[in-house]
Each structure stands twice: as structure tokens, then as C-alpha cells.
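> Here's a structure for you.
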Amino acid sequence: MLSDQELLKLLLPEFLVEHFDIIKAQEHNAELHIYFEEKSSIPEEINYPGAEPRSIRNQKV
């Protein structure tokens, strides 16, 4: 039998599964709240000089 985390990984887009860890999932008022944490590795497609892990969260718009 699959764990809750394994089931979520089957339902989520591949990008999320590859680049983020699922921290927790909670049901709240018939809604599912999923919490993610960015993995500290840099994907090959965006690995350039000056790239830093966790830069998605720290981006300035």
C-alpha cells in the first residue's frame, strides 16, 4: 500500500516532485493544503554561474 506522500507524488506535476520536498499535507474545511520546501540542488537546465539553491523563494520581482 502507498503512503500518503507517495500518493501525492503520483498526483502532483513532475516539476514539483523533482524540485520540492513535500513537508506536510493537511485537510482543512474540505480543502487539502500541501506544504513544500524547495530542494537545495540546482537543476541542470538552470545551472549557471551565480545560481543559488533556494533562489525561487528569494527572487525579487
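Mapping to full-length UniProt numbering: the sequence shown position 40 is 40, numbers consecutive. We treat Cβ as the ideally placed atom computed from N, Cα and C, and that holds for glycine. On a predicted model such as this, the values are computed, not experimentally measured, just so you know.
#1: Given Gly50, which residues of its chain have a CB within under 6 Å of its CB, disregarding the five upstream and five downstream residues?
#2: Return the bridge partner residues of Ala30 from the DSSP annotation.
#3: Look at the alpha carbon of Glu44 and the alpha carbon of Glu38, and state the distance between them as a whole number of angstroms.
#4: Suppose the cutoff is 6 Å on Cβ atoms and the five residues either side in sequence are ignored; what does the same chain contact list for residue 109 look like?
#5: Alpha carbon to alpha carbon, how far is Tyr48 from Leu11? Give it in angstroms, no decimals.
Taking the geometry as given:
#1: Mapped onto the sequence shown, residue 50 falls at position 50. None.
#2: In the sequence shown, residue 30 corresponds to position 30, counting from 1. DSSP lists no partner for Ala30.
#3: One-based indexing of the sequence shown puts residue 44 at position 44. One-based indexing of the sequence shown puts residue 38 at position 38. Rounded to the nearest angstrom, the two C-alpha atoms are 15 Å apart.
#4: The requested residue 109 does not occur in the structure, where the chain is confined to residues 1 to 61.
#5: The count along the sequence shown starts at 1 and reaches residue 11 at position 11. The count along the sequence shown starts at 1 and reaches residue 48 at position 48. Looking at the two C-alpha atoms, the distance is approximately 31 Å.
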